[in-house]
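A short worksheet on the structure shown next.
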Amino acid sequence: MRLLTLPAPYCTVALDCAIRLKTEKAVPGTLYQRLVIAEQNLRSELYPYQERVFLFVDPELISPSVCSALLLEIEAAQVQQTPEACMRHVVSHALQAALGEACHTGALQRKLQASPRRALERYFQAVVTAVEQMASEPSPSREGHLKRLEEIYRSLLGPAVASRGRCSGDSLPERPPSIPLPSPHITFHLWTDEEQLWKELVFFLKPQSQLRLSADLEALNLQGLLPDQELARVSMLSTDSGIERDLPSGADERPASSSPEMEHARLQRKGGIKKRVWPADILMPSSWDGPPGLHRRTGRPSGDGELLPGVSRLHTARVLVLGDDRMLGRLARAYHSLRKRETQTFCLTPRLSLQLYYIPVLTPEKPTSFRRLDLGELAAFLGRADPWYESTINTLYPAIHKLAEMPPSLDTSRAVDPFILDVITYYVRMGTQPIYFQIYTVKIFSDLNQAPAEDIFLTELKVKIQDSKFPKDSSSPRKRGVAEGPGAELSICYQKALLSHRTREVTVSLRATGLVLKTLPASNTEDHMCLNVSVTEVVKSSNLAGRSFSMVTNTFQTAHIQVQSQEQRLLTLLLDKDHRRTFRDVVRFEVASCPEPCSGAQKSKALWLSSQQQELERTKAKPKPLLMPINTFSGIVQ
């Protein structure tokens with residue numbers, strides 16, 4: 001119990017382990033049974049939770065040999081993990097854990113192996129019912145639980161075989177045969193569609209056979225996924241006059257007719273707007289009430305509790321992505337799109353717990369430390385924050401490439417060594433502590449007279465100066481008398497990042513050849529969530545030999561920045577190191593932290609407020625930043 005007095009995340013992990021050990025000690029076999037039922041999507045009314053691991057890879061970033069090797073391991077495991085095999089494992093493990101030495105394990109497994117599907121399901125449901133009912137009791141009785149499982153055991157083997165136990169003449173091993181723990185159900189996906197993550201999550205909640213998918217994703221038939229319609233309503237249209245005396249009799253309790261309260265209530269109006277009952281952080285289920293602006297948001301693993309009254313989150317989607325920082329940038333875009341779509345449809349958040357995992361797989365073309373740090377910055381940050389993640393996950397990508405380079409075995413009878421699958425299984429089961437990363441939005445102006453394009457990034461935004469000039473009819477401001485030289489004259493306006501979160505704006509004008517905006521701290525001692533900006537400034541100097549230019553790198557931290565070219569040179573933006581996300585001919589851009597998408601409820605609420613009330617609401621309710629959690633083993637050790 002001393003672990004519970006340690007700082008987070010140790011006390012959180014220790015408390016979770018203590019609860020699990022107490023449950024397992026009271027009702028042996030409970031944890032194994034629940035894990036297999038959830039991960040293998042076995043149907044049970046008493047334990048309806050389901051989990052699935054979605055493995056996403058980008059075919060343009062991961063080689064076909066790596067994809068084939070991963071798919072081979074997954075398919076080899078799924079062949080052996082049929083629903084019938086998993087049900088046999090659950091029945092055998094529960095009876096063996098409860099009966100101990102009295103369980104004739106060999107005869108039990110032979111009987112289950114020979115049982116038809118219908119009989120096997122009946123035994124499975126009986127065991128699950130006995131275990132779950134006993135585990136749900138405040139003070140479970142070990143004797144009662146043992147008696148119920150003995151009845152199931154006798155119905156399986158018969159009274160004669162069951163009474164012999166281990167005293168029979170059959171040659172049995174000294175130790176009972178081990179019952180394997182199946183790896184979780186993993187689906188492999190090549191990420192080729194921007195809306196693919198949303199589609200897969202919807203299909204997980206409701207089978208594809210029950211969905212009618214049109215060309216437009218907004219036409220998805222999501223009936224049955226939404227919570228109660230009255231619960232989701234923001235306002236109610238009143239059909240009466242609004243005066244309480246016009247309400248039907250018996251609608252509300254009223255005081256006596258002779259009381260003065262009754263006389264006052266006759267002309268009292270009743271509010272026509274029904275307050276919503278959603279929690280305040282309904283769109284941020286994984287929010288954490290800690291100091292703002294820090295990556296160190298650990299200590300409370302995201303659970304699967306009720307987000308809405310009466311609506312349980314029975315499904316857990318574990319999304320695992322393989323790749324480098326470019327893949328994480330794509331995941332951030334999909335995550336932002338999913339959260340934005342939820343403000344309109346609101347069908348996934350109440351019933352689905354979304355967990356994100358990341359395994360770095362770097363391309364081996366340039367196996368240098370620079371290459372690893374260039375495309376693996378977020379993986380390096382996770383390794384510095386969580387030493388166990390560094391030794392277990394960050395060291396995995398060389399083994400993945402080595403596995404992909406091995407020639408395929410011609411012997412089909414030889415079992416595939418599931419090394420990569422075992423590490424993935426360990427990661428998705430034990431990685432419960434998330435680390436949160438701020439997503440940033442960028443507004444890109446190609447013409448100052450038109451609306452900007454918007455995009456988001458997670459790790460880096462790189463700015464280069466183009467050689468092309470502005471068109472003659474461009475309305476961009478120009479500076480005359482500026483000497484020609486490398487780079488361009490830039491106007492930079494930014495809010496200086498302060499630990500006190502006070503607003504301090506700084507405006508500078510300088511000549512630069514480029515900028516780099518990074519979102520991750522350069523060392524493990526820094527934990528402030530802000531943009532680290534590096535500007536390559538051109539310094540002009542004159543001497544006897546003539547005019548010369550030198551480059552100086554200036555760095556500063558900011559939470560919001562605006563950059564505009566003051567000359568006839570345009571800018572090129574590169575988001576998250578992905579050349580597929582390149583914006584050219586940029587005149588001006590603005591970067592700020594991406595806010596949590598505003599719900600339709602909040603928008604409709606603003607329509608009922610006056611201008612002064614809306615201004616008060618904006619100052620009082622500052623939008624929350626959109627944070628993307630990535631699960632690790634311990635989070636950031638505090």
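For the sequence shown, position 529 matches number 529 in the UniProt record's numbering, and the numbering has no gaps at all.
Positions of the beta carbon are idealized from the N, C-alpha and C atoms, including for glycine.
Please read these numbers as outputs of a predicted model, since none were measured by experiment.
Out of the options, state which residue places its alpha-carbon closest to the alpha-carbon of residue i.
| i | options | result |
| --- | --- | --- |
| PRO595 | THR392, HIS336, PRO59, VAL508 | HIS336 |
| ALA126 | GLU195, LEU95, GLN109, LYS111 | LEU95 |
| VAL361 | THR12, GLU45, PHE56, ILE37 | PHE56 |
| LEU99 | LYS22, TYR426, GLY29 | GLY29 |
| residue 639 | LEU338, ILE444, GLY106 | Residue 639 lies beyond the residue range present for the chain, which begins at 1 and ends at 638; the question has no answer from this structure. |
| LEU156 | ASP193, ARG110, GLU194 | ARG110 |
| SER44 | THR129, LEU6, LEU21 | THR129 |
| TYR440 | LEU461, LEU352, GLU73, ASP422 | LEU461 |
| THR536 | THR555, SER548, CYS530, THR5 | THR555 |
| TYR153 | ARG504, ALA97, GLN40 | ALA97 |
| ILE636 | GLY329, TYR436, PHE549 | TYR436 |
| LEU108 | GLY158, VAL591, ASP417, ASP455 | GLY158 |
| ILE393 | PHE633, MET134, GLU75 | PHE633 |
| VAL202 | ASP417, THR503, LEU354 | LEU354 |
| residue 641 | LEU575, TYR397, GLN438, ALA404 | Nothing about residue 641 can be reported from this structure: the residues present for the chain run from 1 to 638 only. |
| GLU454 | ARG504, ARG384, MET327, LEU573 | LEU573 |
| ARG584 | GLU151, GLU590, LEU570 | LEU570 |
| ALA385 | ALA522, SER541, ASP324 | ALA522 |
| LEU139 | PHE204, LEU146, VAL27 | It should be pointed out that residue 139 corresponds to Ser in this sequence rather than to Leu. Of PHE204, LEU146, VAL27, the residue nearest in Cα terms is VAL27. |
| ARG511 | GLU489, VAL13, LYS518, LEU517 | GLU489 |
| LEU71 | LYS443, LEU403, LYS624, LEU517 | LEU403 |
| ASP374 | GLU505, ASP325, GLN40, ARG52 | ASP325 |
With 16 as the cutoff for other CB atoms within 10 Å, does residue i come out buried or exposed?
| i | result |
| --- | --- |
| LYS577 | buried |
| PRO131 | The sequence shown places Val at residue 131, not Pro. VAL131 comes out buried. |
| PRO177 | exposed |
| MET406 | exposed |
| PRO597 | buried |
| PRO434 | buried |
| SER92 | buried |
| HIS579 | exposed |
| PRO629 | buried |
| SER593 | buried |
| ARG351 | buried |
| GLU449 | Here residue 449 turns out to be Asn, not Glu, going by the sequence shown. Answer is exposed; the Cβ neighbour count stays below 16. |
| TRP388 | exposed |
| ASN631 | buried |
| ALA606 | Residue placement at ALA606 is flagged as unreliable, the pLDDT there being 46, under the threshold of 50; a coordinate-derived value is accordingly withheld. |
| LEU4 | exposed |
| LEU15 | exposed |
| THR582 | exposed |
Tell me which same chain residues have a C-beta within less than 6 Å of the C-beta of residue i, skipping the five on either side of it?
| i | result |
| --- | --- |
| MET87 | LEU120, PHE124 |
| residue 642 | Outside the modelled stretch of the chain, which goes from 1 to 638, sits residue 642, for which no answer is possible. |
| HIS89 | ILE179 |
| MET551 | THR536 |
| VAL319 | PHE54, LEU356 |
| SER509 | SER491 |
| THR507 | CYS493 |
| LEU515 | VAL463, VAL535 |
| GLU263 | Only weak support is given to the placement of GLU263: the predicted model assigns it a pLDDT of 49, under 50, and the value that follows is read from those uncertain coordinates. Closer than 6 Å at the Cβ level, and outside the excluded window around GLU263, lies no residue. |
| PRO291 | Annotation note: pLDDT 44 at PRO291 (below 50); position unreliable, coordinate value reported separately. Same-chain partners within the cutoff: there are none. |
Going along the chain, which residues of its own chain have a beta-carbon closer than 7 Å to the beta-carbon of residue i, five neighbours each way excluded?
| i | result |
| --- | --- |
| ASP216 | Note that ASP216 scores 32 on pLDDT, short of 50, meaning its location in the model is unreliable; the coordinates nonetheless yield the value given after this. So no residue of the chain qualifies. |
| LEU520 | GLU377, LEU378, PHE381, THR459 |
| GLU200 | PHE54, HIS189 |
| THR395 | none |
| GLU73 | VAL416, PRO418, ILE420, LEU421 |
| ALA77 | SER183, PRO418, LEU421 |
| THR503 | GLN495 |
| GLY323 | VAL57, ASP58, LEU61, ILE62, VAL361 |
Sorted by chain position, which residues of the same chain lie with C-beta nearer than 8 Å to residue i's C-beta, five sequence neighbours on each side aside?
| i | result |
| --- | --- |
| TYR49 | ARG34, ILE37, ALA38, ASP304, LEU314, HIS315, THR316 |
| ARG2 | none |
| LEU42 | VAL36, PRO83, CYS86, MET87, VAL90, PHE124 |
| GLN557 | LYS496, ALA497, HIS528, CYS530, LEU531, ASN532, VAL533 |
I want to check one thing, is the minimum distance from the CB of residue i to the heavy atoms of the ligand SAM below 7 Å?
| i | result |
| --- | --- |
| ARG588 | As presented, the structure is devoid of all ligands, the ligand SAM included, so that no description of it is given. |
What are the start and end residues of each continuous alpha helix (DSSP H) run of 4 or more residues lying completely inside the stretch 373–399, in chain order? Listed in chain order, the complete alpha helix (DSSP H) runs (minimum 4 residues) inside the stretch 373–399 are 377–385, 387–392.
Inspect the CB distances between the stretch 74–85 and the stretch 338–357 and report whether three or more fall short of 8 Å. No, the stretch 74–85 does not touch the stretch 338–357.
Would you say the stretch 556–575 touches the stretch 484–504, given that touching needs at least three Cβ pairs under 8 Å? Flag = yes, the stretch 556–575 and the stretch 484–504 touch.
Measuring CB atoms only, is the stretch 415–431 touching the stretch 182–202, in the sense that at least three cross pairs come out at less than 8 Å? Touching, yes.
Considering only residues of the stretch 422–472, which uninterrupted beta strand (DSSP E) runs meet the minimum length of 3 residues and lie entirely inside it, listed in chain order? Within the stretch 422–472, the beta strand (DSSP E) runs of at least 3 residues that lie entirely inside it are, in chain order, 433–438, 440–445, 453–457, 460–469.
Which parts of the stretch 109–136 are runs of the alpha helix (DSSP H), unbroken and 4 residues or longer, counting only runs that do not cross its ends? Taking only runs of at least 4 residues, the alpha helix (DSSP H) segments lying wholly in the stretch 109–136 are 117–135.
Ranges of the beta strand (DSSP E) found wholly within the stretch 21–84, counting only runs of at least 3: 50–57, all fully within the stretch 21–84.
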